[in-house]
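Protein chains in written order, with this note's numbering: chain A, 1 to 248; chain B, 249 to 547; chain C, 548 to 873.
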Amino acid sequence: MAQALLEVEKVSKRFGGVVANRNISLAVPEGRIVGLIGPNGSGKTTLFNSIVGHHPIDQGSIRFEGREISKLRVPEVARLGLLRTFQQTRVYDKMTCLQNMRISVPSREVSFLDMFARFAPEVDERAEALLEFTGLYAKRHLRAGDLSFGQQKLLEFAMALMAEPRLLLLDEPTAGINPTLINGLIERLKRVNADLGITLLVIEHNMRVIMSLAQHIYCLAHGELLADGPPEAIRDDQRVIDAYLGAH
Amino acid sequence: MSNLQILFEAPIFSVQLLVDGLLVGAIFALVAYGMALVWGVMNIINVAQGELVMLGGYVTLTLYHAGFSPFLGVPAAAIVLYFVGWGLYRAVIWRVVDRDLFISLLATFGLSILIQQLANQMFGANVETARSGLGTIALLGGTITVSEIKLLAFVAAFVVAGVMVVFLKYARLGQAIRATAQNARAARILGVDTQRVYATTFALNAAICGAAGALVAMTWIIHPYLGLTYTVRSFMIVVVAGLGNLAGVIVAGLGLGVAETFAGFIFGAEAQAAFVFSLLVVILVIRSLILHHQRRVLR
Amino acid sequence: MRQRISFVLLLGVIAALAIIAPLLFPGYRTQMALLWVMVIFALTWDVVGGQMGYNSFGNVFFFGIGMYACAVVQRDAGLDYYTGLAVGVALGTALAVLAAAVIGAGLLGLRGHYFAIGTLGLGIAAAEIAASWEYVGAGSGLVTPVFPGNIEDRTLFYYGLCLIVALLTFFTLRWLYAGRFGLAINAIRDDEDKAEAMGLRTTRYKTIAWCVSAFFLGMTGGLVGNMMGFIDPRDVAFAGATFGVWMVLMAILGGKGTLWGPVIGAVVFHVTQELFWTYLLGWQRVALGLLIVLIVVFFPQGILGWLRERRPDLFGHRVEEAERGA
């Protein structure tokens, strides 16, 4: 089997006395959409944080494009093309949407002198196209902090796309979004994956969303990998059902 | 450095410095405890902490000049500063409690300048002490001297801290304070009057500083500009010990007292301020580098 | 287009005033030179503070280094006045930048209040160390060489230099803010963790920002040391209680995080402070403390921030716009 874009192998992480992740292994093949589900507290966000380099891991290995990244820091991992969005949605709130987009140009392409240069018109064109894609074009000169929560989530998504990721980790992309807008978001995620070739690893609580979006799903519970497989298998897996319903 | 040589050739000096350092360190720890209290409960770093100590010292000096025993200064300063603290909270602090940390930092910084300069205008820039009239105890055949007043101040510092700990643990208001420190919103929902808790906490901190100031007036000297040094000492102690770690504050406070005393002896008394502020920078940089290695940030 | 014209007009008026005033009022030249120094103080603080969110209470550290380095060169290098001044200022500037890079490696890893208090300690520690270091005159400080000319020429000369450095600072920052650098430091201010997560080289930007501040502060230090004639470690060079505090206050007063805010704040503050010092003799520092509290509590957005709330259109804030391609 070809090497997956992201390989997480037997990763463990504890915080003080609490074991957040124990012996977790998963693989995200290139060009696919993989889901990560599990009840609250099962260690999903901790795993994300481990992957992007937010903290060191206690055991295991994390490989991106075949290269070990578990010792790298967040900005270094990001510059390799592995980006993440945040559960609470983080944007630069005192800057306009357009400025948020401009500063999201991939840093790996920025040389020392580029740091002081003005932005080329191509940058703005691309930014505006992506804002249009997420429906934020009309708001591009508004301060990001003045947007609604849902709009900020879309902006964060647009910024991530601006940074040309190879792999995008999305932490609950539909949380807090108006249900009527969720379909639009799913559509956009699928398009981004199909047209731009961006691999996605998505944490989701909304079962409907993840079942229709992901091609393969991993389920965590109590910090361990409970089950994995295609959506239909996961949906019917008794262990997964029990984990969510809290059967002890 | 000849002073350093003395320490090696006559180790008994080191013991003397150690004793003196521990005695002064208790007062540092006390002031740091107050700062940690306010920081933990209201997330405010009181840059005017040292100025409150200084005011406590002046209360004591005023009593002393009026003919009263400076020992009265400890409760008197505590009470006066309690009301000063309460007043400061109601006038200024409550307006910056829920805003970003820089605003509250700058606000208390402005207050520290204000209080410092007011004191300078009112009391003059002279250096003063409130003489307690106590003697010294000689140990080990006279090679080590322990000033009685410093020993008393050492004990007093622990007593004041002890009273606070008991209050926080058992008194109704004390428990309300602790609850607010852990989760202000939850406490408010459960009926705790957060504004009253904040005001009381700030006032209690001021009282602690007042008592410490009284002790400083009796054991060392008071002048309008000693504030910032005490603020920086408290900050260093809290940074090293961590919030909510009383034992750590005590150890760090005593440690700082010893370090300063040795530095004062080796480098000279004038360099003591340089030592304190340089140490602050060094501690922060080391802390930052250690956390950076662990991929964490000092928040 | 209209904005461009009014900007050029504004600059023209300021330039005219800047050139005429010292000629009309020769007695006030040093105060006017200090006005430009205040502008430099506020602008250099704002790069790191208002624009980047790293509130430094110790920028005066670089000012003092520049001042002392220049004075030592002038004392020891045995050069004639102007050459000595030039070399001194250059060395002072270089040392200040070096200091920023080295100290920054340690301090710029600190966030928020830790950085603020750490830099506060830095400034004071420098003052105390300079006050006990014999090589730079310890508590007595240093004296800068006598100007080879009369007092009229001297004040005009230094006025001109301060004006030039102020203009240099302003236009350099204007250029920096217009490019990626400006957005990068704003991003660091708004959400540093997010900036890191997006791959931004935050350490590099932070260090460059502080070095830029240090550059102009070091340069100004050399000039002010010569303007004053004598350098005191605590009151002139590492003047934390005056210059150091004013740097922060001026930027906030005018509106931090903007290009013109610090300039406006510096002008307003300088005039106010001169009045305080003249008429409130003895109580001017009490008034300063009170002013800080009042501004921070009631007016933290500053003059430009207040103006932006009232008249957002002046700042180019457009609301909704038509769909793309319409």
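Positions of the beta carbon are idealized from the N, C-alpha and C atoms, including for glycine.
Can you tell which of the options has the C-alpha that lies nearest to the C-alpha of residue i?
i         : options                                       : result
Leu645(C) : Gly656(C), Ile612(C) and Arg658(C)            : Ile612(C)
Val783(C) : Asp627(C), Ala677(C), Met579(C) and Lys741(C) : Ala677(C)
Val272(B) : Val486(B), Ile534(B), Leu463(B) and Leu285(B) : Leu463(B)
Lys10(A)  : Asn40(A), Asp124(A) and Ser61(A)              : Ser61(A)
Phe319(B) : Arg379(B), Asp346(B), Ala339(B) and Ala495(B) : Arg379(B)
Leu278(B) : Ile385(B), Thr509(B), Ala401(B) and Phe261(B) : Ala401(B)
Leu581(C) : Thr702(C), Phe662(C), Ala647(C) and Ile799(C) : Thr702(C)
Leu399(B) : Asn453(B), Thr467(B) and Thr448(B)            : Thr467(B)
Gly729(C) : Glu681(C), Tyr752(C), Gly635(C) and Thr716(C) : Tyr752(C)
Ala4(A)   : Glu132(A), Pro29(A) and Arg14(A)              : Pro29(A)
Val247(B) : Leu708(C), Gln578(C), Leu655(C) and Val586(C) : With chain B represented from 249 up to 547, any question about residue 247(B) goes unanswered, as that position is not in the structure.
Ile397(B) : Gly390(B), Thr391(B), Ile385(B) and Val408(B) : Ile385(B)
Pro472(B) : Val487(B), Ala367(B), Met283(B) and Val506(B) : Ala367(B)
Val328(B) : Ala454(B), Ala405(B), Gly298(B) and Asn251(B) : Ala454(B)
Gly335(B) : Phe276(B), Ala447(B) and Ser360(B)            : Ala447(B)
Ala120(A) : Val815(C), Pro859(C), Arg727(C) and Ala798(C) : Arg727(C)
Gly288(B) : Val332(B), Gln364(B), Val407(B) and Ile425(B) : Ile425(B)
Leu220(A) : Ile33(A), Leu154(A) and Thr45(A)              : Thr45(A)
Phe149(A) : Asp236(A), Ile177(A) and Arg63(A)             : Ile177(A)
Tyr615(C) : Leu854(C), Asp779(C) and Trp793(C)            : Asp779(C)
Ala663(C) : Val533(B), Val440(B) and Ala314(B)            : Val533(B)
Ile292(B) : Ile351(B), His313(B), Ser536(B) and Thr310(B) : Ile351(B)
Gly659(C) : Tyr705(C), Met766(C), Asp737(C) and Pro695(C) : Asp737(C)
Leu851(C) : Phe823(C), Gly801(C) and Val844(C)            : Gly801(C)
Asp383(B) : Gly458(B), Thr393(B), Leu494(B) and Phe525(B) : It is worth fixing the name first, because residue 383(B) is Gly in this sequence and not Asp. Of the listed residues, the one whose Cα sits closest to Gly383(B) is Thr393(B).
Val340(B) : Ala325(B), Leu349(B) and Leu359(B)            : Leu359(B)
Pro692(C) : Ala618(C), Gly559(C), Leu667(C) and Ala563(C) : Ala618(C)
Asp348(B) : Trp853(C), Val843(C) and Gly849(C)            : Val843(C)
Counting only Cβ pairs nearer than 8 Å, list the residues of chain C close to residue i.
i         : result
Phe350(B) : Asn602, Gly659, His660 and Ala663
So residue i is in the alpha helix (DSSP H); what residue range does that whole segment cover?
i         : result
Gln578(C) : Arg576 to Val595
Gln542(B) : Neither: Gln542(B) is in no alpha helix (DSSP H) and is coded neither H nor E.
Gln297(B) : Gln297 to His313
Phe572(C) : First-last for Phe572(C): undefined, no H or E at that position.
Asp268(B) : Ile260 to Met290
If the cut is a Cβ gap below 7 Å, which residues of chain C does residue i touch?
i         : result
Ser104(A) : Met745
Arg343(B) : Val844
Residues of chain A with CB closer than 9 Å to the CB of residue i, please, in chain order.
i         : result
Arg543(B) : Gly53, His54, His55, Pro56, Arg73 and Val74
Leu723(C) : Phe116
Asp779(C) : Under the 9 Å cutoff, chain A gives no residues; its nearest Cβ is about 38 Å from Asp779(C).
Starting from residue i, follow the beta strand (DSSP E) in both directions and report where the run begins and ends.
i         : result
Ala465(B) : Segment Thr442 to Thr467 is the alpha helix (DSSP H) holding Ala465(B); no beta strand (DSSP E) there.
Glu286(A) : Within the shown structure, residues of chain A are numbered from 1 to 248, placing residue 286(A) beyond reach of any answer.
Leu26(A)  : Val18 to Val28
Glu9(A)   : Leu6 to Phe15
Val59(A)  : Note that residue 59(A) is Gln in the sequence shown here, rather than Val. Looking at the DSSP string, the run of the beta strand (DSSP E) that includes Gln59(A) is Gln59 to Phe64.
Thr384(B) : Thr384 to Leu387
His216(A) : His216 to Ala221
Can you pull the chain A residues whose beta carbon is under 8 Å from the beta carbon of residue i, in chain order?
i         : result
Phe728(C) : Met115 and Phe116
For my contact list, residue i and residue j are in at a C-beta cut-off of 8 Å; report their separation, rounded to the angstrom.
i         : j         : result
Val497(B) : Ala489(B) : 5 Å
Ala160(A) : Gln152(A) : Not quite, the Cβ-Cβ distance comes to about 13 Å (not below 8 Å), so this is no contact.
Ala214(A) : Pro231(A) : 6 Å
Phe276(B) : Ile456(B) : About 12 Å; that fails the 8 Å criterion.
Thr577(C) : Met774(C) : 7 Å
Pro809(C) : Ala589(C) : 3 Å
Name the chain C residues whose beta carbon is nearer than 9 Å to that of residue i?
i         : result
Lys153(A) : Neighbours of Lys153(A) on chain C: none; closest Cβ ~13 Å, over 9 Å.
Arg84(A)  : Ala744
Ala78(A)  : Glu743, Ala744, Met745, Gly746 and Leu747
Arg67(A)  : Simply none; closest approach about 16 Å.
Using a cut-off of 7 Å between C-beta atoms, extract the partners of residue i located in chain B.
i         : result
Ala616(C) : Residues of chain B passing the Cβ test: none, with the nearest at roughly 19 Å.
Sorry if obvious, but does the Cβ on residue i come closer than 7 Å to a heavy atom of the ligand SAM?
i         : result
Leu320(B) : Inclusion of the ligand SAM in the displayed structure is not the case, the ligand content being empty and no account of it being possible.
(request) Compile a chain-ordered list of the residues in the region 110-123 of chain A whose CB is closer than 9 Å to at least one CB of chain C. (result) Val110, Phe112, Asp114, Met115, Phe116, Ala117, Arg118 and Phe119
(request) Could you run through the region 793-808 of chain C and flag, in chain order, every residue whose CB is less than 8 Å away from some CB of chain B? (result) Val795 and Ile799
(message) Tell me which residues of the region 676-709 of chain C have at least one Cβ-Cβ distance to chain B shorter than 7 Å, keeping chain order.
(response) Ile676 and Ser679
(request) Taking a Cβ distance cut-off of 9 Å, strictly less, list which residues of the region 813-845 of chain C are near chain B, in chain order. (result) Gly829, Trp830, Gln831, Arg832, Val833, Ala834, Leu835, Gly836, Leu837, Leu838, Ile839, Val840, Leu841, Ile842, Val843, Val844 and Phe845
(message) Give me the subset of the region 645-659 of chain C whose CB atoms are less than 7 Å from a CB atom of chain B, sorted by chain position.
(response) Gly653, Leu654, Gly656, Leu657, Arg658 and Gly659
(request) Please list the residues of the region 403-424 of chain B that have a C-beta atom closer than 8 Å to any C-beta atom in chain C, keeping them in chain order. (result) none
(request) Determine which residues of the region 587-598 of chain C have a Cβ less than 7 Å from any Cβ of chain B, and write them out in chain order. (result) none
(message) Beta carbons nearer than 8 Å to chain C: which residues of the region 354-381 of chain B have them?
(response) Leu354, Ala355, Phe357, Gly358, Leu359, Ser360, Ile361, Leu362, Ile363, Gln364, Gln365, Leu366, Asn368 and Gln369
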